[in-house]
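The opening position of the sequence shown corresponds to residue 0 in numbering that gives the first Met the number 0, with each subsequent residue numbered one higher.
Even for Gly, the Cβ is constructed at its ideal location relative to N, Cα and C.
One structure is given here, and the rest of the page talks about it.
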Amino acid sequence: MFSLFKKKDLPAAKDKAQVQAQAQAPVAVPWIQRLAQGLKKTSSNLSQVFGGAQIDEALFEHLEEALLMSDAGVKATAYLLKDLQVQVKKKGLTDPNEVKALLRESLYHLLKPLEGHMDLSKERPFVIMVAGVNGAGKTTSIGKLTRHLSDSGASVLLAAADTFRAAAKEQLQSWATQSEVEIISQAEGDPAAVSFDAVSAAKARGRDVVLIDTAGRLPTQLHLMQELQKIKRVIQKAQSSAPHETLLVIDGNTGQNALMQVKAFDEALDLTGLIVTKLDGTAKGGAIAAIALWGLERALTKGRALPVYFIGVGEKLEDLQAFNAEEFCDALLS
């Protein structure tokens with residue numbers, strides 16, 4: 000399911016111990032089921048809307064309420080409702096379940112531009128700078144991404160440039176140990192200096208990817224946002240084309256605040272992609288629709304929407320997967 004990277008070819012032969020261990024291991028829950036479970040709250044609210052006997056004004060009012068409760072926001076909700084009403088009238092529909100199918104189609108077309116793929120072959124080392132507010136799951140996402148990259152055959156070097164949070168370096172070191180990759184850190188180093196050293200080291204050692212963990216920032220803290228901009232400038236001094244990806248990690252539970260974060264960080268850093276985490280039961284999921292609609296506006300000025308590269312539904316390694324609009328819509332409107 001982790002479709003952005005090619006997996007290493009596994010050896011064909013297995014010894015008896017391996018076979019026995021696999022037989023005794025618990026059966027993994029498929030990704031789409033974990034995603035559906037994570038979005039169950041919103042899915043249930045939306046499904047109830049279409050339980051009526053007819054298509055009338057009340058149905059659209061209830062749907063509007065359900066979309067707003069899902070954190071889709073006023074603009075995305077209005078966008079989806081308008082499209083639905085036009086299609087219902089055009090096709091002369093009478094069955095509420097047909098409206099549900101139309102909603103899935105409309106949502107799919109809205110979310111499809113969020114799909115994206117990172118081409119790690121463009122540069123070596125390929126430098127990925129990762130930002131996000133405290134508690135969004137930034138360092139954990141970096142750790143999972145590191146493991147996936149390593150498993151796909153890429154040589155990874157980590158930069159512990161989150162010197163703001165006391166345990167961040169230790170947390171990243173733990174992930175580095177698990178994935179058997181190198182990490183660049185300093186006892187009391189300047190974040191920009193750590194980032195510069197990491198990119199320089201990756202060039203000297205022939206590493207494929209550099210992942211830079213920056214300190215959690217609130218977009219309202221101007222001096223901290225300026226420090227992120229400094230880190231990006233210093234990275235460019237180490238490698239003129241870097242960073243090749245500037246990612247923001249956002250918590251799927253934060254609703255419309257997630258969109259505010261995306262706008263603020265994009266203005267400061269010119270983001271290239273997003274990771275949406277914690278879609279694991281309490282998250283409503285609709286904020287992705289709000290981000291997608293904003294992305295259409297962004298495309299008019301910057302020439303492209305802002306892709307959601309990954310979504311996460313839990314703490315396990317396999318709980319971070321590439322975003323797929325069709326899977327997301329199936330989970331939300333199954």
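*Which residues in the same chain have their Cβ closer than 8 Å to the Cβ of Gln-23, if we skip the five residues on either side of it in sequence?*
Legend: pLDDT at Gln-23 = 44, less than 50; position of this residue unreliable, value from coordinates given subsequently. For Gln-23, where only same-chain residues beyond five positions count, there are no Cβ hits under 8 Å.
*asked:* Which residue marks the beginning of the beta strand (DSSP E) containing Ile-310, and which one marks its end?
replied: 307-311
_Taking its Cβ as the centre, do 16 or more other Cβ atoms sit within 10 Å of Val-193, making it buried, or is it exposed?_
buried
_Between Ile-274 and Phe-309, how many whole angstroms is the CB-CB distance? I'm expecting something under 8 Å._
5 Å
*Express the C-alpha separation of Phe-195 and Val-209 in angstroms, rounding to a whole number.*
11 Å
*With a Cβ-Cβ cutoff of 8 Å, do Leu-268 and Ala-130 count as a contact?*
Closer than 8 Å, so yes.
*Between Pro-25 and Arg-232, what straight-line distance do the alpha-carbon atoms span, to the nearest angstrom?*
Model confidence at Pro-25 stands at a pLDDT of 48, short of 50, so the residue's coordinates are unreliable; what they give is reported in the following sentence. If you take the alpha carbons of Pro-25 and Arg-232, they lie about 47 Å apart.
*Determine the burial state of Asp-334: buried for a count of at least 16 other Cβ atoms within 10 Å of its Cβ, exposed for fewer.*
This structure does not reach residue 334, given that the chain is present from 0 up to 333, and the question cannot be answered.
*Using CA coordinates, which residue listed in Ala-200, Ala-203, Thr-162 is at the minimum distance from Gly-188?*
Thr-162
*Using beta-carbon positions only, say whether Ser-140 and Thr-245 come within less than 8 Å of one another.*
No, these two residues do not count as a Cβ contact at 8 Å.
*How about Asp-279 and Val-312: are their beta carbons less than 8 Å apart?*
Asp-279 places its beta carbon less than 8 Å from that of Val-312.
*Which one or two residues does DSSP pair with Glu-181 in a beta bridge?*
Leu-156
*Environment of Ala-20 [buried if 16+ CB atoms lie within 10 Å]*: Per-residue confidence for Ala-20 stands at a pLDDT of 42, beneath the threshold of 50, marking its modelled position as unreliable; the derived number appears in the next sentence. With fewer than 16 Cβ atoms within 10 Å of its Cβ, Ala-20 is classed as exposed.
_Residues sharing a beta bridge with Gln-86, DSSP_ = Paired residues: none, contrary to the question.
*Cβ of Pro-242 within 8 Å of Cβ of Met-128?*
yes
_Per DSSP, what are the beta-bridge partners of Asp-212 in this structure?_
Val-129, Ala-159
*Among residues of its own chain, excluding the 5 on either side of Ile-183, which ones have a beta-carbon nearer than 8 Å to its beta-carbon?*
Leu-156, Leu-157, Ala-158, Ala-159, Val-193, Asp-196, Ala-197, Ala-200
_For Gly-272, the first and last residue of its enclosing beta strand (DSSP E)_ = 272-276
*By a C-beta neighbour count over all protein chains shown, 10 Å radius and 16 as the cutoff for buried, is Ala-71 buried or exposed?*
buried
*Could you say which of Gly-285, Thr-176, Ser-178, Glu-317 lies nearest to Ser-42 if we only look at CA atoms?*
Gly-285
*Is Ala-291 near Pro-124, with beta carbons less than 8 Å apart?*
no
_Cβ-Cβ distance between Gln-177 and Arg-146 below 8 Å_ = yes
_Going by DSSP in three states, Ala-200 sits in which element: helix, strand or coil?_
helix
*What residues are listed by DSSP as bridge partners for Glu-244?*
Ile-127
*Classify Ala-100 as buried or exposed, calling it buried when 16 or more other Cβ atoms lie within 10 Å of its own Cβ.*
exposed
*May I ask you to report which of helix, strand or coil DSSP gives Ile-230?*
helix
*Exposed or buried, which one is Asp-250 when buried takes at least 16 other CB atoms within 10 Å?*
buried
_Spatial neighbours of Ala-304 within its chain, please: C-beta separation below 8 Å, excluding the five flanking residues on both sides._
Pro-112, Leu-113, Ala-291, Gly-294, Leu-295, Arg-297, Ala-298
*Out of Asp-118, Leu-223, Met-68, Gly-51, which has the shortest C-alpha to C-alpha gap to Asn-252?*
Met-68
_Proximal residues to Glu-317 (C-beta, below 6 Å), its chain only, five neighbours per side dropped_ = none
*Coarse secondary structure for Ile-54, derived from DSSP in three states*: Annotated three-state conformation of Ile-54 is coil, per DSSP.
*asked:* Under DSSP, the beta strand (DSSP E) around Leu-319 begins and ends at which residues?
replied: 319-321
*Could you give the C-beta distance for Lys-202 and Gln-238, rounded to a whole number, given that I count them as a contact under 8 Å?*
7 Å
*Give me the Cβ distance between Val-85 and Ile-54, rounded to the nearest whole Å; I'm assuming they're in contact under 8 Å.*
Not quite, the Cβ-Cβ distance comes to about 13 Å (not below 8 Å), so this is no contact.
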